[in-house]
Each structure stands twice: as C-alpha cells, then as structure tokens.
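Before any comments, here is the structure.
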Amino acid sequence: QKEVEQNSGPLSVPEGAIASLNCTYSDRGSQSFFWYRQYSGKSPELIMSIYSNGDKEDGRFTAQLNKASQYVSLLIRDSQPSDSATYLCAVIPTGGGNKLTFGTGTQLKVEL
Amino acid sequence: DAGITQSPRHKVTETGTPVTLRCHQTENHRYMYWYRQDPGHGLRLIHYSYGVKDTDKGEVSDGYSVSRSKTEDFLLTLESATSSQTSVYFCAISPARDSSYNEQFFGPGTRLTVL
C-alpha cells in the first residue's frame, strides 16, 4: 500500500466549476499536509498547508483535512483554464521529521 | 522560486561519468533537499541536509552522494552515472522552524539525461 495515494486523473471540469482533488494517506499519526501545484515542465509550487482537522481557505482554494478517515482534499472554486496542472499531495508521516512523502499527483484539466 | 537556483538546468552525459548538480539558496534556510521526479513514481527524496556538513539519506540514495560546506550550497553527485538516473532533479529548501510545519519550497529543476 502506497503511503500517499492520489487518483492520477485526468480530472476534467468545466470553467467556473468546483474541482475536487482527493488524497488518502496510510499513516494515522501523520500531522502535516500540503498541496503543491505543478505545471508541465515546471517545479512544484506550494499552494496550501493544513495541520488540523477541518477546512482552511485561501482565496479560491480550500483544503479539507479529516484525520479520522485519513484523507485530505483540495477544492478549487471557480476553476480557470490556468488551474490546469498536476496537483501533488504531500504528508509528513509519524517520525518523518522534516521529510515529506509525496503522492504521484492528480492531473486537472479545466475546459472552456 | 523562493531564492533557489539550480545548475546546470539541463545536462546530457554518458554512462559511467561523474556528474555534480548544484543547488544555491539565498534564504539562509537550514534544511535543503534533493529529489528526483520520474513518471509513475512522483517525487522521491534522495538526500537531505539539516545543517552545514550534516546530511542524511532519503528513500533512493544508492548511487548518489551529497555535500554541504556552506549554508547556501548543497551539491548532489552521481558517482558514476547510469541510464536509470535519467530524471528531473529538484532541490528544495525549508526554514523548518518546527518539524511539524515543514513547508518546502522548490527550485526550478535540472533535467539530466544519461546516454
């Protein structure tokens, strides 16, 4: 079982819709969770971090964490073509210190 | 890119040759990391550093070595490059004020091809 799992996609949504990206993790003791956006041929860019259960909002982005169910999600409201990218979920597992474990990413396509 | 540069940005080399990649930061962050990214595998940690001369292995460290003689520079060396080391290599940095809040910021990457 992979430590951090994401559906590879592609996830296609129409412009203006809400895109929902999901990530599950295997280590119940994980404490810190991150979402990165990566455009094709570019480096990962941190867009959200979340550390406690519940929702965290930043502009059009909302991260949701449910530690009991071991999932973290990213909602993108009013999706734009410029949101088309691969979204990487990353977790610090128990005893991981300062090391992140990444999922393989979900490709998002926002269609006109 | 959060004050991180990587050099070279692209490199083609032959099997068996040594290769050194450089990561340079201007943020004075304590932690530095080297990852490789391959289709189907995502980002995998090669080595990391938690201070000058302090380094440790990551998930895929075989065939790689690192050095950090200054806060701002972290070098990744492929002792004898193999075709399986063809990949995109990313450096990342983190202030890591608290190990629970380890936000990492990535450099632009180096595309390495080993023929």
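Quick mapping for you: the protein sequence lines, in order, are chains A and B.
Going letter by letter, the first sequence gives residues 0 to 111 in our numbering.
Going letter by letter, the second sequence gives residues 2 to 116 in our numbering.
All C-beta atoms in this analysis are idealised placements derived from N, C-alpha and C, irrespective of residue type, glycine included.
Note down, in chain order, every chain A residue with its Cβ under 8 Å from the Cβ of residue i.
i	result
GLU104 (chain B)	PHE33, LEU45, SER48
SER95 (chain B)	ASN97
Using 8 Å for Cβ pairs, my map puts residue i next to residue j. What's the rounded Cβ distance?
i	j	result
VAL67 (chain B)	LEU76 (chain B)	6 Å
TYR35 (chain A)	LEU20 (chain A)	Not really, about 11 Å apart at Cβ, beyond 8 Å.
LEU74 (chain A)	GLU14 (chain A)	About 16 Å separates the two Cβ atoms, so there is no contact after all.
SER48 (chain A)	GLU28 (chain B)	The Cβ separation is near 17 Å, so there is no contact.
GLN26 (chain B)	GLY4 (chain B)	6 Å
SER97 (chain A)	ALA93 (chain B)	Here residue 97 (chain A) turns out to be Asn, not Ser, going by the sequence shown. Not confirmed; about 11 Å, so no contact.
LEU113 (chain B)	THR87 (chain B)	6 Å
MET33 (chain B)	SER8 (chain B)	Contact flag wrong, Cβ pair sits at about 15 Å.
CYS24 (chain B)	ASP63 (chain B)	So it is not a contact: roughly 20 Å between Cβ atoms.
Check whether the Cβ of residue i lies closer than 9 Å to any Cβ atom in chain B.
i	result
LYS98 (chain A)	yes
ILE17 (chain A)	no
GLY104 (chain A)	yes
SER25 (chain A)	no
ILE91 (chain A)	yes
SER42 (chain A)	yes
LEU74 (chain A)	no
Applying a beta-carbon distance threshold of less than 7 Å, which residues of chain B neighbour residue i?
i	result
PHE101 (chain A)	GLY43, LEU44
Output yes if chain A places a C-beta closer than 9 Å to the C-beta of residue i; else output no.
i	result
PHE107 (chain B)	yes
PHE75 (chain B)	no
GLY59 (chain B)	yes
GLY52 (chain B)	no
GLY110 (chain B)	yes
Relative to the C-alpha of residue i, which residue among the options is closest?
i	options	result
PHE107 (chain B)	A:SER25, A:ASN6, A:GLN37, A:GLN106	A:GLN37
LEU87 (chain A)	B:HIS30, B:ARG23, B:TYR36, B:GLY43	B:GLY43
THR100 (chain A)	A:LEU111, A:ILE91, A:SER11, A:LEU10	A:ILE91
LYS71 (chain B)	B:THR56, B:LYS12, B:GLU15, B:TYR36	B:THR56
GLN30 (chain A)	A:ASP82, A:ARG76, A:GLY95	A:GLY95
TYR24 (chain A)	A:ARG76, A:SER39, A:LEU64	A:LEU64
ARG37 (chain B)	A:PRO80, A:THR103, A:VAL3	A:THR103
SER83 (chain A)	A:LYS108, A:LYS66, A:GLU4	A:LYS108
GLU15 (chain B)	B:ASP39, B:SER85, B:LEU46	B:SER85
Cβ closer than 9 Å: which chain A residues qualify as neighbours of residue i?
i	result
TYR65 (chain B)	Neighbours of TYR65 (chain B) on chain A: none; closest Cβ ~16 Å, over 9 Å.
Verify the contact flag: residue i, CB atom, against every heavy atom of the ligand MG, threshold strictly below 8 Å.
i	result
GLU110 (chain A)	Ligands are entirely absent from the displayed structure, and the ligand MG is therefore not among its contents.
Going along chain B in order, which residues have a C-beta closer than 8 Å to the C-beta of residue i?
i	result
LEU87 (chain A)	GLY43, LEU44
Would you mind telling me which residues of chain A sit closer than 7 Å to residue i, beta carbon to beta carbon, in chain order?
i	result
TYR90 (chain B)	What TYR90 (chain B) touches in chain A: nothing, since even the nearest Cβ is about 11 Å away.
* Quick one: which unbroken alpha helix (DSSP H) runs of 4-plus residues sit fully inside the region 2-32 of chain B? Chain order, please. => none
* Segments assigned beta strand (DSSP E), at least 3 residues, entirely inside the region 35-114 of chain B -> 43-52, 55-58, 65-71, 74-79, 88-95
* To do: Mind listing, in chain order, the continuous beta strand (DSSP E) runs of no fewer than 3 residues lying wholly within the region 0-46 of chain A?
  => 10-13, 18-24, 31-37
* Length-filtered (3 minimum) beta strand (DSSP E) runs lying within the region 68-110 of chain A -> 70-75, 84-91, 105-110
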